[in-house]
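Scroll down for the structure; my scribbles are underneath it.
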Amino acid sequence: MQNIGAGNADDAFYRYKMPKLVAKVEGRGNGIKTNIVNNVDIAKALARPPEYVLKYYGCELGAQTNFEVKTGTSIVNGSHDNKKFTTDELRLSQSKAQIKTDSAGYVLRLLYHVNMLGEILEGFIKKYVQCYSCGNPETQVKVKKEDIKLKCKACGFVSDVDPRHKLNSYIIKNPPEEKMSKEEKRLKKAEEERMAGAEGERKKKEKKDKDSSKEKKEKKEKKDKKKKDQDDGNGEAAEDSDDDVEDEEEDGVVWMTDTSAEAAKKRAEEQLSAATAALVTQGNIEAEAEAERKRAEKEAKRKAEEEEAKRREEEAALLAQETAQNLALAEAAANSPVSQIRALISKGCPPSDVAAAVKALTGPGGLPGKVAVLLEAVFCAPSAAERKLVELIQENKALLAALGGDPAGQLAQLIALEYILTVAAPERGKETALVLKTLYDEDLAEDEIIVAWGDKSDAAKSLNVPLEAAKGIRKIAAPVLEWLQEDEEEDDE
Numbered sequence: 093m094q095n096i097g098a099g100n101a102d103d104a105f106y107r108y109k110m111p112k113l114v115a116k117v118e119g120r121g122n123g124i125k126t127n128i129v130n131n132v133d134i135a136k137a138l139a140r141p142p143e144y145v146l147k148y149y150g151c152e153l154g155a156q157t158n159f160e161v162k163t164g165t166s167i168v169n170g171s172h173d174n175k176k177f178t179t180d181e182l183r184l185s186q187s188k189a190q191i192k193t194d195s196a197g198y199v200l201r202l203l204y205h206v207n208m209l210g211e212i213l214e215g216f217i218k219k220y221v222q223c224y225s226c227g228n229p230e231t232q233v234k235v236k237k238e239d240i241k242l243k244c245k246a247c248g249f250v251s252d253v254d255p256r257h258k259l260n261s262y263i264i265k266n267p268p269e270e271k272m273s274k275e276e277k278r279l280k281k282a283e284e285e286r287m288a289g290a291e292g293e294r295k296k297k298e299k300k301d302k303d304s305s306k307e308k309k310e311k312k313e314k315k316d317k318k319k320k321d322q323d324d325g326n327g328e329a330a331e332d333s334d335d336d337v338e339d340e341e342e343d344g345v346v347w348m349t350d351t352s353a354e355a356a357k358k359r360a361e362e363q364l365s366a367a368t369a370a371l372v373t374q375g376n377i378e379a380e381a382e383a384e385r386k387r388a389e390k391e392a393k394r395k396a397e398e399e400e401a402k403r404r405e406e407e408a409a410l411l412a413q414e415t416a417q418n419l420a421l422a423e424a425a426a427n428s429p430v431s432q433i434r435a436l437i438s439k440g441c442p443p444s445d446v447a448a449a450v451k452a453l454t455g456p457g458g459l460p461g462k463v464a465v466l467l468e469a470v471f472c473a474p475s476a477a478e479r480k481l482v483e484l485i486q487e488n489k490a491l492l493a494a495l496g497g498d499p500a501g502q503l504a505q506l507i508a509l510e511y512i513l514t515v516a517a518p519e520r521g522k523e524t525a526l527v528l529k530t531l532y533d534e535d536l537a538e539d540e541i542i543v544a545w546g547d548k549s550d551a552a553k554s555l556n557v558p559l560e561a562a563k564g565i566r567k568i569a570a571p572v573l574e575w576l577q578e579d580e581e582e583d584d585e
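Add 92 to the 1-based position in the sequence shown for the working numbering, that's all there is to it.
In structure tokens, the structure reads:
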């Protein structure tokens, strides 16, 4: 391992590391090429797609590149060895000489020798990995329209990448996948919940202010109406001379200051006749009762609206949680081994490549478990729901043959088939006899292997197939097993 960035090469405590570049020249003549052996590991250490690193080599060297996603093989056409060159080679390169003769007399073309692979990789790190401010390789590539920016997680600086480099067009057409860590997802969810809560509080406050303003307006209208009624009844008092005004000023009390029921009744008794006073007093009492009733209704309505808003917030939070769980389940299903194998088959990959991918799987059950993944990808696909298993076997004969070339592979296919017919798709169990006969007729399984599988009811125990279900499958397949047994005995005789 070595430090990332040439400027940090001598720092013994630098925490950002990457593997040392390993390159190997393969082939000769016009077919010579350079294999960047650990390109995927280097790209992973730099937190960049391996295609970016390989494409940068091609842009700098003017050579074609080829990247195999399945195997991680990174090829640059031409000879580009990652080591220092001799003085003669440098002189030939600098003078644009294109021909050199080796010790065996072969004439070789010196395609590229000035730009060494390590120096080219260092250029990629400076331009597309390190922060332009703090120099740390903790940046994320952000593509916005035709601009590429590097956002630093360490210092927060946003660096603008030089748009003139040829790699920019490739990055814009193939932007990196944005993968957030668990901590980033948690922070994003917390921020969304905080914003939703703040929005709810704002709406609640606006509603409360609106209700308060409306209530004040009603009180003012009621007060103005009450004052108008009293002014109509006090016409004679309003015609008094300035003596009354002087008396009020001397008393220091403003008329109608006390609005209680007792004060209103007293004023009515003092100023009006007994009948009129009774009417005014009764009207005030009724108005106050009406106002109290309206206040109670508003309070009840406000509480009901608050409860409704709280209920909606809880429902929204529950819906968001369910959506997140469904997304997590969908992502897990998309990344399952069955989905990966099904994707290879749908792309039209050769049977040998699909077989190699199946054997490279990891999981319980050994080889039968791996073959069960393949059969589930073929027999349980949505497009296979309305088709017979016999048709699917004949259609994928080459793929099954690639995994069943020996007795162990054939037995693994039978055990995996038992798992499909009992656990993954038990409704297909009635097709067991026809499936076994098709495997025998298509030379995908020998008769002695099928008979041996039929004699062992717990053959699929490693795949957690229930014993009763296994016996039921063998009962359905009994006619074919007996026929194969008789045929085998006749051959022995």
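Beta carbons: idealized from backbone N, C-alpha and C, even for Gly. Quantities reported herein were computed from a predicted structural model and do not represent experimental measurements.
What's the call for residue i, buried or exposed, on a 16-neighbour Cβ count within 10 Å?
{"i": "N418", "result": "exposed"}
{"i": "E510", "result": "buried"}
{"i": "G479", "result": "As written in the sequence, residue 479 is Arg, which differs from the Gly given in the question. Burial call: exposed."}
{"i": "P558", "result": "exposed"}
{"i": "I134", "result": "buried"}
{"i": "R140", "result": "buried"}
{"i": "G458", "result": "exposed"}
{"i": "S444", "result": "exposed"}
{"i": "A356", "result": "buried"}
{"i": "S171", "result": "buried"}
{"i": "R107", "result": "exposed"}
{"i": "V161", "result": "exposed"}
{"i": "A494", "result": "buried"}
{"i": "T454", "result": "exposed"}
{"i": "R434", "result": "buried"}
{"i": "L279", "result": "exposed"}
{"i": "S304", "result": "exposed"}
{"i": "Y198", "result": "Any reading at Y198 must be qualified, since the residue scores a pLDDT of 35, below 50, and its modelled position is unreliable; the value itself is stated next. Y198 comes out exposed."}
In three-state DSSP terms, what is residue i?
{"i": "N418", "result": "helix"}
{"i": "R385", "result": "helix"}
{"i": "C472", "result": "coil"}
{"i": "M110", "result": "strand"}
{"i": "S251", "result": "strand"}
{"i": "A412", "result": "helix"}
{"i": "Q222", "result": "coil"}
{"i": "S166", "result": "strand"}
{"i": "N122", "result": "helix"}
{"i": "N100", "result": "helix"}
{"i": "T514", "result": "helix"}
{"i": "M208", "result": "coil"}
{"i": "K548", "result": "coil"}
{"i": "G521", "result": "helix"}
{"i": "K480", "result": "coil"}
{"i": "E270", "result": "coil"}
{"i": "G292", "result": "helix"}
{"i": "E538", "result": "coil"}
{"i": "G227", "result": "coil"}
{"i": "G455", "result": "coil"}
{"i": "S185", "result": "For S185, the predicted model reports a pLDDT of 42, less than 50, meaning its position is unreliable; a value from the coordinates is still stated below. Three-state result, S185: helix."}
{"i": "A139", "result": "coil"}
Tell me which residue opens and which closes the alpha helix (DSSP H) that residue i is part of.
{"i": "P261", "result": "The question names Pro, but residue 261 in the sequence shown is Ser. S261 -> alpha helix (DSSP H) spans L259 to K265."}
{"i": "G150", "result": "P142 to L153"}
{"i": "P499", "result": "P499 to Y511"}
{"i": "V527", "result": "T524 to D533"}
{"i": "A561", "result": "L559 to I568"}
{"i": "P443", "result": "P443 to K451"}
{"i": "A494", "result": "K489 to L495"}
{"i": "P429", "result": "P429 to S438"}
Between which two residues does the beta strand (DSSP E) harbouring residue i extend?
{"i": "N589", "result": "There is no way to answer for residue 589, as the model of the chain reaches only from 93 to 585."}
{"i": "D239", "result": "D239 to C244"}
{"i": "K236", "result": "T231 to K236"}
Have a look at the DSSP bridge pairing and note the partners of residue i.
{"i": "N127", "result": "K116 and I167"}
{"i": "N95", "result": "K109"}
Touching by the beta-carbon criterion (3+ pairs, under 8 angstroms), the stretch 466-486 and the stretch 560-580: no
Review point. Are at least three pairs of beta-carbons, each pair with one atom in the stretch 241-258 and one in the stretch 123-134, less than 8 angstroms apart?
Key: no
Is the stretch 150-170 touching the stretch 98-114 in the sense that three or more CB pairs, one from each, lie closer than 8 angstroms?
-> no
| query | Would you say the stretch 531-549 touches the stretch 500-507, given that touching needs at least three Cβ pairs under 8 angstroms? | reply | yes
If you pair each beta-carbon of the stretch 251-266 with each one of the stretch 231-238, do three or more pairs fall below 8 angstroms? yes
| message | Does the contact criterion of 3 or more C-beta pairs under 8 angstroms hold for the stretch 287-305 versus the stretch 377-388? | response | no
Spell out a yes or no on whether the stretch 401-412 and the stretch 307-314 are touching, meaning 3 or more CB-CB pairs, one atom from each, closer than 8 angstroms. no
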